[in-house]
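Q:
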Amino acid sequence: MGWMKRAASIVEAKVNRLLDRLEDPNETLDLSYEKLMDGLAEVRRSLADVVTEQKQLELQMQQVEAEVRRREEEARAAVRAGRDDLAAAALDQKHRLLEQLEQMKQGHERIAAQAERLKAAERRFQDRVQAFRTQKEVTKATYNAAAAEVRMSESLSGIRRELGDVGEALRRANEKAEQMTARAMAMEQLHEEGILEDPLDQRDRVARELEDLRRQSAVEEELAALKRELGV
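Written out as structure tokens, the structure reads:
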């Protein structure tokens, strides 16, 4: 029932392939890596947002500092013009701006510290992603090599089963060949003994035996003549 074995092997192979697809560690590892990359991208977007806020605040601080210098110039000009009232108003605006600038500096320090923390986190996250990527590739290579070895073993097992079937068929063929050879030899012997008659030979058994004796006698006489001729 070799066909039943082959059918069972085909079904087994299809089931194994289905299970491999359902539990493929390559896909699981790639999906985990994609999730890590998404997380890294999110950290980088957050870092970019914080750095953007930091740069915008720095620009605002520069504008306020420029405004402070402008108020100082206005106060000097008012003093030179003898307008102490205008000078006092300009200096009042200057101090208001300085208070605002101090608040900006404090905010800038907080944002800068947050940016540094995010940069450190991004570096750690990136190192983790790179380490996982290396481990992932090594694991995938190991799994693929093991899977290839399993497939080779399964193929060899199938070949062994096939060779078993072929060996059995070869054994039966050899037995039949030996039987046919023995039958042919038996038929030949029966023909020689005259037990089986040739349907094309119309002679009876006695005539065939006499003919064989005459042929044997002629052979013996010719052999003796050859010996005398050669002096043997």
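So the sequence shown is residues 46 to 277, counted in the working numbering. Idealized CB from N, CA, C, for every residue including glycine. Keep in mind it's a predicted model, so treat the numbers as computed, not measured.
Kindly indicate the opening and closing residues of the alpha helix (DSSP H) around R121.
A: 70 to 125
Q: Going by CA-CA distance only, name the one from L142, R125, S91 that's closest to E167.
A: S91
Q: Within 8 Å, do at least three Cβ pairs link the segment 102 to 119 to the segment 167 to 187?
A: No, the segment 167 to 187 does not touch the segment 102 to 119.
Q: Less than 7 Å between C-beta atoms, sequence neighbours within five positions excluded: which residues of the same chain meet that for Q159?
A: V95
Q: In this structure, how does DSSP classify R178 when only helix, strand and coil are distinguished?
A: helix
Q: Measure from the alpha carbon of E119 to the alpha carbon of each residue in R141, G127, A135, then state which is nearest.
A: A135
Q: If you draw a straight line from the C-alpha of V264 to the C-alpha of E274, how long is it?
A: Going by the C-alpha atoms only, they are around 15 Å apart.
Q: Taking DSSP as the reference, what is the three-state secondary structure of R128?
A: coil
Q: Leaving aside the five residues before and after L74 along the sequence, list all residues of the same chain whose C-beta is less than 8 Å from its C-beta, in chain order.
A: K181, T184, K185
Q: By the three-class DSSP mapping on this structure, what secondary structure does G152 have?
A: helix
Q: Output the distance between the C-alpha atoms of A123 and L131, rounded to the nearest integer angstrom.
A: 6 Å
Q: Rounded to the nearest angstrom, how far is the Cβ of H153 from that of L85, given a contact under 8 Å?
A: Between L85 and H153 the Cβ distance is about 27 Å, and since that is not below 8 Å, they are no contact.
Q: For R114 and K100, what's the separation of their Cα atoms in angstroms?
A: R114 and K100: Cα-Cα distance of roughly 21 Å.
Q: At the level of alpha carbons, what is the spacing between Q138 and M149?
A: 16 Å
Q: Can you tell me the Cα-Cα spacing of E72 and A222, whole angstroms?
A: 56 Å
Q: Quick check on DSSP: helix, strand or coil for E161?
A: helix
Q: Which residue wins for smallest C-alpha separation from L146, given the options L104, S262, D129?
A: Nearest neighbour of L146 by Cα position, chosen from L104, S262, D129, turns out to be L104.
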